[in-house]
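One structure is given here, and the rest of the page talks about it.
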Amino acid sequence: MAMKKCPVCGVSVKVENLERHVHDQHPRAHVEPEQILTDAERQNVRRPGPVTRPTMTRRGKMIAGAVAVILVLVIVAIVFRPNVGLGVGQVAPDFTATTSDGGTIRLSSMRGLPVFLEFMDIDCPHCINEAGVLSGLYPTYSGRVTFISVDVDFSSLPPPDDASRINAFRIQHNNTWTFALPNSLTTETYGVTGTPTMYVLDRNGVISAAFLGETSASVLAGAFDRALQA
19 MAMKKCPVCG VSVKVENLER HVHDQHPRAH VEPEQILTDA ERQNVRRPGP VTRPTMTRRG
79 KMIAGAVAVI LVLVIVAIVF RPNVGLGVGQ VAPDFTATTS DGGTIRLSSM RGLPVFLEFM
139 DIDCPHCINE AGVLSGLYPT YSGRVTFISV DVDFSSLPPP DDASRINAFR IQHNNTWTFA
199 LPNSLTTETY GVTGTPTMYV LDRNGVISAA FLGETSASVL AGAFDRALQA
């Protein structure tokens with residue numbers, strides 16, 4: 019699915035998620051529906067697939083029932099899972115990822131220093147702008163704050179965001195910290211619908227600040243300083 023800029027904040031969001039983004043992130047904004055999606059885009063997003071009405075056999079009903087029970091258990095486990103979430107004050111969900119240089123990282127192993135965690139897309143114009151901001155901050159905080167950028171590859175167009183393209187982006191924008199390859203499970207766990215999405219974690223892996231969209235160097239520096247002082 020193609021990306022489109024939010025008419026309020028300018029963040030690039032998947033077309034299929036844009037209406038929800040405007041509703042959730044800008045509840046007080048007065049935006050006409052046609053400013054969000056054209057009629058053609060809305061019809062494409064909501065176009066129903068072919069309707070089929072298969073006959074449910076007894077065995078099929080038993081399987082469906084078992085699946086429903088499993089889904090309920092999974093939902094309960096997620097809802098009542100302690101100390102995990104995206105809100106400030108909660109522990110950031112742990113994950114492992116392959117880096118663009120062929121290594122492996124695990125978020126929980128980085129505790130002891132604050133962590134700057136960015137979900138970005140090398141084809142996103144806002145992420146390109148933010149790369150310049152971050153390259154200016156990194157020399158000041160390197161060694162005191164761990165920087166990690168995770169590519170989400172939201173674009174449905176080829177070529178994919180593989181290691182060679184990500185490393186080319188790093189070199190072009192002087193982003194010398196660790197970049198991780200796309201991982202859809204991690205992206206879904208963090209509820210990323212637009213880029214850049216950024217978190218600052220304290221020394222214990224607790225989310226102390228969260229940002230969506232382009233963010234100034236002064237705002238990020240303030241978040242880093244607070245995490246260092248905590």
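Taking our numbering, the leading residue of the sequence shown gets 19, the next gets one more, and so forth.
Where is the CB? At the ideal position from N, CA and C, for every residue including glycine.
| Item | Value |
| --- | --- |
| Hey, would you say Asp14 sits closer than 8 Å to Ile184, going by beta carbons? | Residue 14 is absent from the model: the chain starts at 19 and stops at 248. |
| Using DSSP's beta-bridge definition, name the partner residues of Glu136. | Ser167 and Met216 |
| Just checking my contact of Cys27 with His44 at CB under 8 Å: how many whole Å lie between their CB atoms? | 7 Å |
| Starting from Thr196, trace the alpha helix (DSSP H) both ways and give me its first and last residue. | Here Thr196 belongs to no alpha helix (DSSP H); instead the beta strand (DSSP E) covers Thr196 to Ala198. |
| Return yes when the Cβ of Thr205 is within less than 8 Å of the Cβ of Phe137, no when it is not. | yes |
| Taking 8 Å as the limit between beta carbons, can you name the residues of its chain near Gly130, skipping five residues before and five after? | Arg221 |
| Taking 8 Å as the cut-off, does the segment 208 to 220 touch the segment 138 to 151 (at least 3 CB pairs, one atom from each stretch)? | yes |
| Which partner residues does Ile189 have in the DSSP bridge list? | Answer is none; Ile189 lacks a bridge partner. |
| Does the segment 147 to 164 come close enough to the segment 220 to 237 to have 3 or more Cβ pairs within less than 8 Å? | yes |
| I need the straight-line Cα distance from Gly103 to Ser182, nearest angstrom please. | Note that Gly103 has pLDDT 38, beneath the 50 cutoff, so the model's placement of it is unreliable and the number below is only indicative. Rounded to whole angstroms, Gly103 to Ser182 spans 32 Å at the Cα level. |
| When DSSP builds the beta bridges, which residues end up paired with Val31? | Lys22 and Gly212 |
| Between which residues of its own chain and Pro51 is the CB-CB distance below 7 Å, once the five residues before and five after are set aside? | none |
| CB Ser127 to CB Gly223, shorter than 8 Å? | no |
| To the nearest whole angstrom, what separates the beta carbons of Phe242 and Pro132, a pair I think is in contact under 8 Å? | 7 Å |
| Who are the near neighbours of Glu59 in its chain, counting only those whose CB is closer than 8 Å to its CB and skipping five residues on each side? | Lys22 and Val33 |
| Looking only at DSSP bridge pairs, what is Phe113 linked to? | Looking at the DSSP assignment, Phe113 forms no beta bridge with any residue, so it has no partner. |
| Looking at the structure shown, is Thr207 part of a helix, part of a strand, or coil, going by DSSP? | helix |
| Judging by CA-CA distance, which residue of Phe229, Gly240 and Gln247 is the nearest neighbour of Val106? | Phe229 |
| For a test of the three-state rule: what should DSSP assign to Ala95, helix, strand or coil? | Unreliable positioning characterises Ala95 in this predicted model, as indicated by a pLDDT of 43, which lies under 50. A coordinate reading is not provided. |
| For Val31 and Gly209, I'd like the C-alpha separation in whole angstroms. | 13 Å |
| Taking all protein chains shown into account, decide if Leu219 is buried (16 or more other Cβ within 10 angstroms of its Cβ) or exposed. | buried |
| For Asn192, collect the residues of the same chain with a Cβ closer than 6 Å to its Cβ; drop the 5 residues on either side in sequence, then sort them by chain order. | Ser153 |
| Return the chain-ordered list of same chain residues with a C-beta closer than 6 Å to the C-beta of Ala245, the five sequence neighbours on each side being excluded. | Pro132, Val218, Asp220 and Ser226 |
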